[in-house]
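To keep things clear, I will list the structure first and then write my remarks on it.
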Amino acid sequence: MNKYIDITKEQIFSLLKGNETDRIKAEEIRKLRNNNYNPYPNGWNRLDFFKEVFSDMYIDGFIMTYPHGTVIRQAQRSYYYRGENQLFDSSQASLYRRLSKMKNSKELLIEEFVAYMRIADFLELLLKLDHTQKFISRQYSFNKAPAKIYIDLLYEQLAQHYGLETCWLDITADFEVALFFACCKFDNQSHKWEPLNKEDFKKSYKTQFGVIFQKQTNHINNLIPLESQPVKILPVGFQPFMRCHMQNSYVAMMDKSHCLQKENTFKKFRFKHDEELCNYIFNQMDLGKKIYPHEGLNLMEAEIDKIKRRKIFSIETFEYVCEDPKFKSLNKETLKQFLMDFGYELKNSQNVIPKEEIEQINKLYANFNMEQTYKIKFRTRLTASR
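Per the UniProt record's numbering: the sequence shown = residues 1 to 386.
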C-alpha cells in the first residue's frame, strides 16, 4: 500500500498553478486546430506527423475507441487525480465497497445482481428520452469519408454520476475537481454541496485530512496492454445529460479485490484540512455548480432515487441482466428464488415514468447541440490497414 506524502497549502496552490498551465496548453492546441494550422511547415516528415498524432489526445471533441466504447474525448492533461475528503481504509468502486462488507456468498451474488438491475432500469429511463435517442442514433463522418462512426452511450458511467452503485471508480484529469471533492461534502437533506468546516474536521483523526491520488497520464505502466493493467483508466468524455462535463471525467475499472490505495502507480498526497482552503475551492467551483453544470436529469431526481432504492423489478429487467456475461451461466430459477429470499420481487409489468417529466426534458433539450454548447469541434483520425 502506498504511504501518504504530506503536502502543505502552498504545495496545493502550486499544483493548482500547474493544473491551469495544463488547461491553457490544451486550449492553445485546440485553437491551432480550429485555425487550420499547417503541421508540416517544412514539408511532410515523420517527426511532425507523430507530433500531430500525439497532440490529438489534447483536443476536446476528438473521437476515439476504447475497450468500453467509442467516446468523444475531453482534452487530456498531465495527470489523473482522485480527491477524497477524509482518510478511508480503502478506495474502491461504490458497489465493491458495499459488497466487501458481506460474508454470505448468496447475499453477495444477489446484491451485485440487483445493482445491475438498477443500472438497467436507469438505462431504460435514459432510452425514453429524445436527447438520448438522438445521441445514440447520430452518425459522424469526416472529410466526406465513407466511414460512419457511432458514439457509445456509457450508461453505467452516467449511472455512477447520478449516484447509483457501479463497479467503476471516479477519476478526473482536473486537479481543481479532485481538490473540490477532497474539501467539500454533499448534504443529502438540502441536495447541495457545502465546504467542510471545523466541526467536520474534528469528528475523528481520519476526518482531519483530505487525500489526493495522482498519476501521470504518460506513466510508463500505461504502455502495458490494457487487459494486464490492474487499474484501467478510461475516459467518459461528452455524454448526454452529463454531470461529468466540467469534471474532466475518467473512470477506473478494477476487480473486487483491488483498491486504488494498493495501486503503486498512484502517489497518495495527504493534507491537513483548513476552512480557508475548503471555502476557497468551494467558491472557485461556484458553490459546486461548476462540478455539475448540466444536470439535465434533475427534473427526474425523484425517479432516479426510486431506482436507487428499488426492490421490485420487471421480468424484462431480470432477463436483460441475466444476459450479462457476469450472470449468464447462472440458473434463472435459482436466481429468482434467491431474490425472493432477500426480499426482492419480480413483476410482469414495466416501470412507469411520468409522461409529463419526459415531455419536460424533451422540450428542454429539443434544440441541444453538443458542439455549440461545449464549444468543441468533433474530430477523428481514420486509419487504414493494408
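Where a beta carbon is used, it is the ideal one built from N, C-alpha and C, also for glycine.
| Check | Outcome |
| --- | --- |
| Between F180 and M285, which are expected to be in contact by the criterion C-beta below 8 Å, what is the C-beta distance as a whole number of angstroms? | 5 Å |
| The alpha helix (DSSP H) with A252 in it runs from where to where? | From DSSP, A252 is part of no alpha helix (DSSP H) but of the beta strand (DSSP E) over S249 to M253. |
| Exposed or buried, what is S91 when buried is set at 16 or more other beta-carbons lying within 10 Å of its beta-carbon? | buried |
| What do you get for residue 403, buried or exposed, if any count of 16 or more other CB atoms within 10 angstroms of its CB means buried? | Beyond the ends of the chain as shown, which are 1 and 386, falls residue 403; an answer cannot be given. |
| At what residue ranges does the stretch 129 to 168 contain a whole run of the alpha helix (DSSP H), taking only runs of 4 or more? | 130 to 137 and 155 to 161 |
| Give the range of the alpha helix (DSSP H) segment to which G18 is assigned. | K9 to N34 |
| Which residue from M242, N188, E276 and F266 puts its Cα closest to that of T217? | F266 |
| Counting C-beta neighbours from all protein chains within 10 Å, is the total for D255 16 or more, i.e. buried, or is it exposed? | exposed |
| Going by DSSP, what residues sit across from P235 in a beta bridge? | Y250 |
| Enumerate in chain order the residues of its own chain whose CB-to-CB distance from I119 is below 8 Å, with the five nearest sequence positions on each side excluded. | Y155, E156, A159, L164 and T166 |
| Would you mind working out which of L15, A26 and H131 sits nearest G296, comparing C-alpha positions? | H131 |
| Quick check: is the beta carbon of L154 nearer than 8 Å to any beta carbon in chain C? | No chain C appears in the structure shown, which is made up of a single protein chain. |
| Excluding five sequence neighbours on each side, which residues of the same chain lie with their C-beta closer than 6 Å to the C-beta of C259? | S90, S91 and Q92 |
| Which one or two residues does DSSP pair with Q216 in a beta bridge? | Y79 |
| According to DSSP, simplified to helix, strand and coil, what is M1? | Its pLDDT being 48, under 50, M1 is placed unreliably in this model, and the value from its coordinates should be taken loosely. If DSSP states are grouped into helix, strand and coil, M1 belongs with coil. |
| Between the stretch 74 to 83 and the stretch 186 to 199, do three or more beta carbon pairs fall short of 8 Å? | no |
| Might you give, ordered along the chain, the residues of its own chain that have their beta carbon closer than 7 Å to the beta carbon of S385, omitting 5 neighbours on each side? | Model confidence at S385 stands at a pLDDT of 45, short of 50, so the residue's coordinates are unreliable; what they give is reported in the following sentence. None. |
| Between W193 and the rest of its own chain, which residues show a CB-CB distance below 6 Å, the 5 nearest in sequence each way excluded? | C184, F186 and G288 |
| What residues in its chain sit with their C-beta under 7 Å from that of Q350, if we drop five residues either side in the sequence? | S314 and E316 |
| Within 10 angstroms of the Cβ of T8, are there 16 or more other Cβ atoms? Answer buried if so, exposed if not. | exposed |
| By DSSP's criteria, D341 is part of a beta bridge. Which residues make up the other side? | DSSP lists no partner for D341. |
| Between the C-alpha atoms of L335 and R97, what's the straight-line distance to the nearest angstrom? | 23 Å |
| Would you list the one or two residues that DSSP bridges to Y374? | BP columns for Y374 are empty, so no partner. |
| Between the Cα of T207 and the Cα atoms of H273, S190, T172 and I233, which residue gives the shortest distance? | H273 |
| Rounded to whole angstroms, what's the CA-CA distance from K306 to A26? Just pull it up for me. | 40 Å |
| Can you tell me which of the three DSSP states C184 falls into? | strand |
| Along the alpha helix (DSSP H) that carries I361, what are the first and last residues, could you check? | K355 to L364 |
| Touching or not, the stretch 321 to 333 and the stretch 356 to 370, by the rule of three or more beta carbon pairs under 8 Å? | no |
| Which residue's Cα is closest to the Cα of V177: P354, A302, I12 and H68? | I12 |
| Whole angstroms are fine: how far does the CA of R77 sit from the CA of M1? | Note that M1 scores a pLDDT of 48, beneath 50, so its modelled location is shaky; the value from the coordinates is reported in the next line. Each residue's alpha carbon lies about 26 Å from the other. |
| Check each candidate in K103, D56, D174 and L32 and name the one with the smallest Cα separation from L15. | D174 |
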